[in-house]
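Visitor:
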Amino acid sequence: MMYVVIALIVVGVLTFAVQRLSGEEKKSEDETTNSLVVQKYDGTEVSYSEDELKEMLTPIQYEVTQEDGTEKPFDNEYWDHKEEGIYVDLISGEPLFSSTDKYKSGTGWPSFTKPINDNNIVTKEDPGIFGMRTEVRSKHGDSHLGHVFTDGPEPTGLRYCMNSAALKFIPKNELENEGYGEYMNLFE
12 MMYVVIALIV VGVLTFAVQR LSGEEKKSED ETTNSLVVQK YDGTEVSYSE DELKEMLTPI
72 QYEVTQEDGT EKPFDNEYWD HKEEGIYVDL ISGEPLFSST DKYKSGTGWP SFTKPINDNN
132 IVTKEDPGIF GMRTEVRSKH GDSHLGHVFT DGPEPTGLRY CMNSAALKFI PKNELENEGY
192 GEYMNLFE
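End of the sequence shown sits at 199 in the numbering used here; the numbers just go up one at a time, nothing left out.
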């Protein structure tokens, strides 16, 4: 009788393991066929497959925007960038932050006191190894951008700590040509 019970347990565990592995393989296949539908800044919708995104982005850009990664501090494009202009979502082009709201936080990542338009970002709770944080994502591109913290300077008291790899910088003198002319007033 004892052998029958052990045999049933072994069969049950093996069945569960096989079903679990089959589900993971199926999930991997589904993930590669899923596509990201992005509403571009100009209003058009574009659909990108995972393979297209991997081809379009550098490895760190893909890791940050699609896998919620974080780039190295002090070793990224915009952490100490001082030129006037705006920062847009790398994938959708939606305007996110202005150099007028950028400040030197000492963290090694580009930091801003506020977004250009709250409607272009989405925040959500992000449990991490150091406790609960608030993740910041672009609304239309669904790109992971970074996190927002409550240790920033006035007037907001917020620090939007962003990954350069998720951003594209549009210099002030190119705003009109790039379709962002409405943001010239930020620099008056």
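We treat Cβ as the ideally placed atom computed from N, Cα and C, and that holds for glycine.
Along the beta strand (DSSP E) that carries M67, what are the first and last residues, could you check?
Guide: Here residue 67 refers to the residue found at position 56 of the sequence shown. Taken as a continuous stretch (DSSP letters only), M67 belongs to no beta strand (DSSP E), being part of the alpha helix (DSSP H) at 61-67.
Visitor: Could you check if G163 is buried or exposed, using at least 16 other CB atoms within 10 Å of its CB as the buried criterion?
Guide: Translated into the one-based positions of the sequence shown, residue 163 becomes position 152. The residue in question, G163, is buried, as its Cβ has 16 or more Cβ neighbours within 10 Å.
Visitor: Going straight from the alpha carbon of S154 to that of E187, what length do you get?
Guide: In the sequence shown, counting from the first residue as 1, residue 154 sits at position 143. In the sequence shown, counting from the first residue as 1, residue 187 sits at position 176. Their Cα atoms are separated by approximately 25 Å.
Visitor: Can you name the residues that DSSP bridges to F108?
Guide: Here residue 108 corresponds to residue number 97 of the sequence shown, with the count starting at 1. Note: F108 sits in a beta bridge opposite Y98.
Visitor: Which term fits S149, buried or exposed, when burial requires 16 or more other beta carbons within 10 angstroms of its beta carbon?
Guide: For the purposes of this step, residue 149 is taken as the residue at position 138 of the sequence shown. Buried.
Visitor: May I ask you to report which of helix, strand or coil DSSP gives D137?
Guide: Against the sequence shown, residue 137 aligns to sequence position 126. Strand.
Visitor: CB-CB under 6 Å to E199, same chain, minus the five flanking residues each way: which ones, in chain order?
Guide: Reading the sequence shown from its first residue, position 188 is the one you call residue 199. Result list for E199: empty, nothing under 6 Å.
Visitor: Assign E78 to one of three DSSP states: helix, strand, or coil.
Guide: On the sequence shown, residue 78 is found 67 positions in, with the first residue counted as 1. It is helical.
Visitor: From the DSSP output, which residues share a beta bridge with K113?
Guide: Taking the first residue of the sequence shown as 1, we reach residue 113 at position 102. Paired residue(s): F123.
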